[in-house]
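Right, one structure below, let's go through it.
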Amino acid sequence: MYGTLNKVMLIGHLGNDIKMHYFEGGNSIGRFSLATNEVYINKQTNEKITSTEWHNLVVRNKAAEICEKYLSKGDKIYVEGRIKSRQWQAEDGSVKYTTEIQVTEFTFLTVKKDSEANKQMQAPETKNTNFDAMNAPIENDLPF
Numbered sequence: 000m001y002g003t004l005n006k007v008m009l010i011g012h013l014g015n016d017i018k019m020h021y022f023e024g025g026n027s028i029g030r031f032s033l034a035t036n037e038v039y040i041n042k043q044t045n046e047k048i049t050s051t052e053w054h055n056l057v058v059r060n061k062a063a064e065i066c067e068k069y070l071s072k073g074d075k076i077y078v079e080g081r082i083k084s085r086q087w088q089a090e091d092g093s094v095k096y097t098t099e100i101q102v103t104e105f106t107f108l109t110v111k112k113d114s115e116a117n118k119q120m121q122a123p124e125t126k127n128t129n130f131d132a133m134n135a136p137i138e139n140d141l142p143f
């Protein structure tokens, strides 16, 4: 194989709201953390263990604006991208390093802003329908 591949696919929950940074010329960057979980059973104690891994994600320009508009802490999202490591010099002179996921594609899986609005609109109908169905008399229409 002659080529290389740098591709990441993640499904997780936002750890915080999108933090936007705007630049001259209209460009922007959105940054947020994403939590992915691994759940397993400890064979010795039969205890359920959840291990959380945090990922730093970066979205750019129009994609960043869309994410800022629709996503908030706790929302579930699918992302594709590539791993990018970078370094910079801090104010104290020390060199800092970070590894980020540069997002190239994403799909919203759950969005609280939309789901809360839908719940408020549908809640009275759903409650009434369920209540009526639970209290309806049971009739035996069976022919035998």
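If you read the sequence shown in numbering that gives the first Met the number 0, its first letter stands for residue 0, the second for the next number, and so on. Here a beta-carbon is modelled for each residue, glycine too, at the ideal position from N, C-alpha and C.
Asked, Found
"Between the CA atoms of Thr44 and Asn2 - distance to the nearest angstrom", "Checking the sequence shown, residue 2 turns out to be Gly, not Asn. Roughly 45 Å separates the two Cα atoms."
"DSSP three-state assignment for Lys42, whether helix, strand or coil", "coil"
"Sub-8 Å separation of Asp74 and His20 beta-carbons", "no"
"Coarse secondary structure for Lys126, derived from DSSP in three states", "Model confidence at Lys126 stands at a pLDDT of 36, short of 50, so the residue's coordinates are unreliable; what they give is reported in the following sentence. Three-state DSSP puts Lys126 in a helix."
"Classification of Val94 by the beta-carbon crowding that lies within 10 angstroms, buried from 16 upward", "exposed"
"Cβ-based burial, Leu70 [other Cβ within 10 Å; buried from 16]", "buried"
"Validate contact between the stretch 48–66 and the stretch 25–38 using beta carbons, cut 8 Å, 3 pairs", "yes"
"Lys68 (DSSP reduced to helix, strand or coil)", "helix"
"Three-way DSSP call (helix, strand, coil) for Ala34 in this model", "strand"
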